[in-house]
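Residue numbers (this note's numbering): 9 to 172.
Following this line, the structure appears as structure tokens:
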């Protein structure tokens with residue numbers, strides 16, 4: 009059972025790291041990300057920049073949340089993955105030959121794997137991690153903390169340090 013605890017932790021850290029990295033690289037150049045979004049033809053032009061900023065911001069927040077096991081972050085990541093899988097599936101069905109937009113355009117993955125299929129399989133693998141994490145939480149009755157609980161625990165630690 010101890011190994012499964014480590015796998016649970018590893019899944020959270022892999023998901024968190026990937027989402028923080030992916031979101032950050034897109035936030036650095038939102039104009040380029042907006043162009044990638046536009047290539048799919050599913051977001052109205054007036055919404056391209058808001059989506060190009062808010063979606064990666066949500067990825068970063070969810071990624072940070074899963075690292076600290078904050079309530080709602082695993083659900084947010086699973087929702088994002090479902091959205092990404094639907095969009096990638098749409099792109100494959102339409103026969104689009106575009107960068108998936110998962111990471112920044114300068115990312116080596118974008119150059120090496122220009123197709124959508126590899127991104128689709130990677131997202132499916134991450135979804136397996138999400139399903140494992142949900143299952144492990146349920147099996148072990150793990151209750152993620154709320155943001156307020158987490159902040160209170162930090163305050164409690166700081167208070168104890170001041171007393172020493």
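Glycine residues also receive a C-beta, built at the ideal position from the N, C-alpha and C atoms.
Based on Cα-Cα distance, which residue from the options lies nearest to residue i?
i, options, result
"residue 26", "54, 60, 74, 37", "74"
"residue 106", "15, 47, 42, 17", "47"
"residue 154", "78, 35, 31, 140", "78"
"residue 128", "98, 68, 38", "98"
"residue 24", "16, 53, 70, 100", "70"
"residue 110", "54, 44, 17, 135", "44"
"residue 92", "132, 160, 136", "132"
"residue 100", "161, 126, 159, 90", "126"
"residue 124", "33, 94, 59", "94"
"residue 86", "160, 19, 158, 156", "19"
"residue 96", "55, 159, 130", "130"
"residue 33", "89, 61, 84", "61"
"residue 88", "134, 51, 49", "134"
"residue 83", "162, 161, 152", "152"
"residue 40", "108, 146, 90", "108"
Who does residue i pair with in a DSSP beta bridge?
i, result
"residue 153", "78"
Less than 6 Å between C-beta atoms, sequence neighbours within five positions excluded: which residues of the same chain meet that for residue i?
i, result
"residue 35", "64"
"residue 31", "64, 67, 68"
"residue 144", "16"
"residue 121", "Summary for residue 121: the model assigns pLDDT 46, below 50, so the residue's position carries little reliability, and this model does not support an answer."
"residue 51", "45, 59"
Which residues bound the alpha helix (DSSP H) around residue i?
i, result
"residue 24", "10–36"
"residue 178", "The structure shown does not extend to residue 178, since the chain is modelled only from 9 to 172, so the question has no answer here."
"residue 55", "Unbroken run through residue 55: none, as it is neither H nor E."
"residue 143", "124–148"
With a CB to CB cut of under 7 Å and the five nearest residues on each side skipped, what residues in its chain are close to residue i?
i, result
"residue 21", "75"
"residue 103", "none"
"residue 57", "38, 42"
"residue 117", "Only weak support is given to the placement of residue 117: the predicted model assigns it a pLDDT of 49, under 50, and the question is left unresolved by the model."
"residue 81", "70, 73, 74"
"residue 158", "76, 78"
"residue 163", "none"
Can you list, in chain order, the residues of its chain with a C-beta nearer than 8 Å to that of residue i? Leave out the 5 residues immediately preceding and following it.
i, result
"residue 53", "46"
Would the region 136–152 count as touching the region 9–17 if we require 3 or more Cβ pairs under 8 Å?
yes
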